[in-house]
Amino acid sequence: MLVFLKLFPPSTKTMDTSREGTLKDPRAPTICMKISNWAFHVCSMIVRFAFQLIYGKKGEKMPDISDPILLESASSLAKKIRKQELTSVQVMEAFIKRIYDVNPLLNCMVDERFKDALLEAKAADDLIKSGKYTEKQLAIEKPFLGVAISTKDCIAVKGMLNTSGLYSRRDYRASEDADAIALMRNAGAIPFALTNVSEVCMWWESNNVVHGRTRNPYDTNRIVGGSSGGEGCMQAAAASPLGLGSDIGGSIRMPAFFNGIFGHKPSKNVVSNKGQFPQPFSEEQYSFLGIGPMVRHAEDLRPILKIIAGEKAEQLNLDEPVDLSKLKYFYQENDGGGRYVSEVDHDIVDGIHRIVKHLKTKFNVPVKQMQIEEFRQSAALWFANMKDDSGYGFERQLGNLKTSINPYTEMLKWFFGAKHTFIGLLTAMLDKAQCQYGSPKYHHLVKKRNKLRADMEELLGNNGVLIYPTHPTVAPYHIEPLFRAINFSYTGIVNVLGFPATSVPLGKLGSEGLPIGVQIIANCNQDRLCLAVAEELERAFGAYTGFVTIGNWISHICKKIVRIGFRLLNGTKGDRMPAITDPILLESATSLAKKIRKRELSSVQVTKAFIKRINDVNPLLNCMVDERFKDALLEAKAADDLIRSRKYTEEQLAEKKPFLGVALSTKDCIHVKDMLNTSGLYSRRNYRAPKDADTIALMRNAGAIPFALTNVSEVCMWWESNNLVHGRTNNPYDTSRIAGGSSGGEGCMQAAAASPLGLGSDIGGSIRMPAFFNGIFGHKPSKNVVSNKGQFPQPFSEEQYSFLGIGPMVRHAEDLRPILKIIAGEKAEQLNLDEPVDLSKLKYFYQENDGGGRNVSKVDRDIVDGINRVANHLRKKFNSPVEKIQLKEFRHSAAMWAASMKNDSGYGHVHLLGNLKNPINPYIEMLKLLFGGEHTFISLLIAIVEKTQCRYGSPKYCELVSKRNELRTDVANLLSNDGVLIYPTHPTVAPYHIEPIFRPYDFSYAGIVNILGLPVTSVPLGKLGSEGLPIGVQIIANCNQDRLCLAVAEELERAFGGWVRPEISD
């Protein structure tokens, strides 16, 4: 594509300016231009296809982020260090370890000063402990005290390399700090690592002959951008809490975009560029260049910019509040057809549309679409404005500013081993082909730039922002930028205008599994507008509907009104969750068991950690209702003693007692000897289990130690865990939301990292809905595989028994299989759980909704989007078809479930509420509620509604059971022994407390699977949805094909991250 550049330089046609900043082209593109652009796009498609064939699937898998410190913002870490909740040394060690984990894969770090950084971290901790400064004084004078900082290898850090990727500077070390680094040091930050760049920072892939090529953490076959690509990669990989980059043509924003982080290029001449190599050749070039922050969290942008702007920070008014409802919003989807510039990816255009919709909806403001035609000439404007009267050019930079290299001679040397990159030499050659300083063409383009700047200043004023693509495509493959050279123009135009711009990631990955985002552009010195919008978009982004009858339409409208009412009633999110500071709490149960066997951890140590966590979170969540901590600790000690005795080898223990010494929790309906077994029923409030349920006995035999009991709904027959014995359980992601039911206490317990593993039971979604609402894994086994003996209430018939299943509820997918193998007992053999699953050989189906079930909520857009991300991932990774289907009978899920729960015993919900002794009268009990009763309102309502439903043996009953049996056959034929169905676990994220009363049939998405007798796993999809709550899917397989569900769950955890720590924001 660089050859195209030389033969057909970017167009410089004259444009006329309209009043609104929409620029009109007086001349239509010539036939020659159309042909050349068409040829370019065809070549680009061929090149992309070739690279896809060359690279194939995604590159190497990134090491998991296991330390919660790595997920904190720099501002949060600084605050915790000041409060002595964390030490600077602890934080520094966490990021150093992370660099060692990821750098062999990514090659983002090129130099380090870890030893000195740790000494400085200790000094920071000592200063805090000394009490010389108050916490408030430190926050003002040293806002980033003790926080590690990384920067790119062109910004001077005293004593560290400063090569700028140039071979002749390979051993050069900076003699003093750059101004920006000095200011960050003065604010308490500790430089600890240097990151990779492109050669002399003038290309948008970070590769050079000194340090090599940096790889993208989302796909190591892709670029990280340049020239601040190493820094972008470092931030995305969570290997540094904050970083600085520099940007003269997009060198902060492109890497930020490709790596899914935030990056801000400040207004011209605000941040000092002193201490960079290479330095600009002229004052005008200096104004194009800017050092700025690169971070994972938008809240860090403003304080860093305030520091590095130094005395000029005042002109930015960064502390002045921004009323987002008063801003003028503009957006442009593309550059209007720049010559040899790629078309904008659909994912990016879609992202812009989502932003527009959000701004319109939330702030009730117009968002005007623009088409600034001059943007078509962005590349030509940038090239011309980079010329200066010094006579120096790129060949001088390659000569380390001492002499000018001969790029043609060096290109010949390149074939035999060179001191420059191919692209560096090619750029030097093409530099000569561009318009020269002072030429008529130069003056024409500079004049055009000035006109555009004036028009943009008028358009944006002091209260306008423009939403514009950061780059037209997601991260290309390595080397591919050679064929898309001019794509940098989307960012470069902002530099020559001198405006501030923030690159903002949009949360979800695109269809290629790579980050997408936009840049937010404001007028000069209006940086605070960019940053405020970035913070809002981070909050916002972090649905096809089926057939809708008039009745359903009314139902959906009513539900929306109810939801608005609950939002107004509950306001902002509930209480903040205590931070997870003990790494034990983040381990899988399998990992803990292994470490206990190896004596790397003791069972007592692990049990105490989870007991402490329960004491920390239970006052907020009310998930635990009974405990046996004292006995559990004695049993933990016995487990440790057994291991130390060496009576069994480590291998024998792994086989006979795979969970030896690991704490276990379960719900208050499954018998644990001598613990409460109320099932949330007031008349059973003092009842204790005489012996263990079969599943608990099997888990004990496998070495697990029961230590806590968790809350349920009354008689386990509603999907919010609330009863008159123990009260209501709160969701750890938002305490004003439900935890689900009936295993809601267990789902909450797991999500809050207060238990390493748990058991739930499921007759209509009671494992999966809590797992979904709380962002954990939950598996309902195939019918009749796991014993239900030792539960209250017990099913009333053999058919009901087949619908009910006890199963694992855990934070980590790897725990599902071994727990299921244990609790299945002798029947585990029929599941063939040890048989490997070749995911590339499976048949994949997905369905986005139930087809329009009566009075069932629409599926949230976030959930539909999650299903499509799963489908796209499976297609791409395994090269397998993923077929979209619509099983129409799923519309009748609620009716089929209600009918199937009928039985010939004559018993119903009124008997359950009577503790199976005397049926209650729900109408009388409802009257008693006015004066205080013994039952919840919803349980009495269920008992009343139950009487209005079809009776066992009636024609309606027979019709629905026949329909169910036909559906069971159809699904069995569809899935066979090698198929899985991806389906919503629930149509919405966790509702507010009480709200399920207004959405009673939403459980049907889960309940249908119970009456089909199929195995199913609820799988969280890593990132939280737009409401800050977990989203996920359920994976359904044919009967006894549980291992397929579990294998897919493990793959989706690898792909999307699984459980996310609950961190409730103010």
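Following the working numbering, the numbering of the sequence shown begins with 146 at its first residue and continues without gaps. Glycine included, each C-beta is placed from N, C-alpha and C at the ideal position.
The alpha-carbon separation between Leu-1057 and Arg-882 amounts to approximately 27 Å. Under the DSSP definition of a beta bridge, Tyr-1137 partners with Arg-882. Nearest to Ile-1127 by C-alpha distance, out of Pro-851, Glu-780, Phe-990 and Trp-864, is Phe-990.
DSSP places Phe-1201 in the uninterrupted alpha helix (DSSP H) bounded by 1187 to 1201. Under the 10 Å beta carbon count, Leu-714 is surrounded by fewer than 16 other beta carbons and is classified as exposed. Scanning its chain for C-beta atoms nearer than 6 Å, with the 5 sequence neighbours on each side dropped, one finds around Asn-414 the residues Ser-432, in chain order. Within 10 angstroms of the beta-carbon of Arg-629 lie 16 or more other beta-carbons, which makes it buried. In the three-state reduction of the DSSP assignment, His-565 falls in the coil class, being assigned neither a helical nor a strand state. Secondary-structure assignment with DSSP links Ala-1182 through a beta bridge to Val-1125. Excluding its 5 nearest sequence neighbours in each direction, Gln-1186 has C-beta neighbours in its own chain below 7 Å: Asn-1122 and Pro-1160, listed in chain order. Taking a 10 Å sphere around the C-beta of Ser-487, we find 16 or more other C-beta atoms and assign the residue as buried. Under the three-state reduction of DSSP, Leu-526 is assigned to helix. By the Cβ test, the segment 194 to 207 is not in contact with the segment 253 to 269, since fewer than three Cβ pairs between them sit closer than 8 Å. Positions of the beta strand (DSSP E) runs, each at least 3 residues long and wholly inside the segment 925 to 983, are given as 950 to 955 in order along the chain. Annotation: the continuous beta strand (DSSP E) that includes Glu-1028 extends over 1027 to 1029. If you ignore the 5 residues before and after Phe-259, its C-beta comes within less than 7 Å of the C-beta of Ile-241 and Phe-337, all in its own chain and listed in chain order.
Of the residues Val-1055, Glu-974 and His-503, the one whose Cα lies closest to the Cα of Val-678 is His-503. Beta-bridge partners assigned by DSSP to Thr-794: none are found. Uninterrupted alpha helix (DSSP H) stretches at least 4 residues long and entirely within the segment 281 to 338 occur at 324 to 331, given in chain order.
In the structure shown, the three-state DSSP call for Gly-370 is coil. Phe-633 sits in a helix when the DSSP states are folded into three classes. Fully contained in the segment 563 to 616 are the following alpha helix (DSSP H) runs of length 4 or more, in chain order: 567 to 576 and 585 to 605.
Taken atom to atom, the span from the alpha-carbon of Lys-473 to that of Val-512 is near 7 Å. Within 10 angstroms of the beta-carbon of Thr-855 lie 16 or more other beta-carbons, which makes it buried. For Gly-276, there are no CB contacts under 7 Å within the same chain when 5 residues up- and downstream are skipped. Of the residues assessed, Met-305 falls on the buried side of the cut-off, its CB having 16 or more other CB atoms within 10 angstroms.
Gly-903 sits close to Thr-811, with the two beta carbons spaced by under 8 Å.
The C-beta distance from Asp-324 to Ser-417 rounds to 4 Å, short enough to fall under 8 Å. For Ile-550, the three-state secondary structure derived from DSSP is coil. Annotated three-state conformation of Met-439 is strand, per DSSP. Gly-1158 counts as buried, since no fewer than 16 other beta carbons sit within 10 angstroms of its beta carbon.
The shortest C-alpha to C-alpha distance from Ile-1065 to any of Asn-352, Ser-828 and Arg-484 is the one to Ser-828. Comparing alpha carbon positions, the residue from Asp-600, Ala-563, Pro-448 and Phe-403 closest to Glu-518 is Asp-600. By the beta-carbon neighbour count (other beta carbons within 10 angstroms, threshold 16), Glu-1070 is buried. Between Val-494 and Lys-925, the alpha-carbon positions lie close to 40 Å from each other. With a minimum length of 3 residues, the unbroken runs of beta strand (DSSP E) contained wholly in the segment 463 to 492 fall at 473 to 476.
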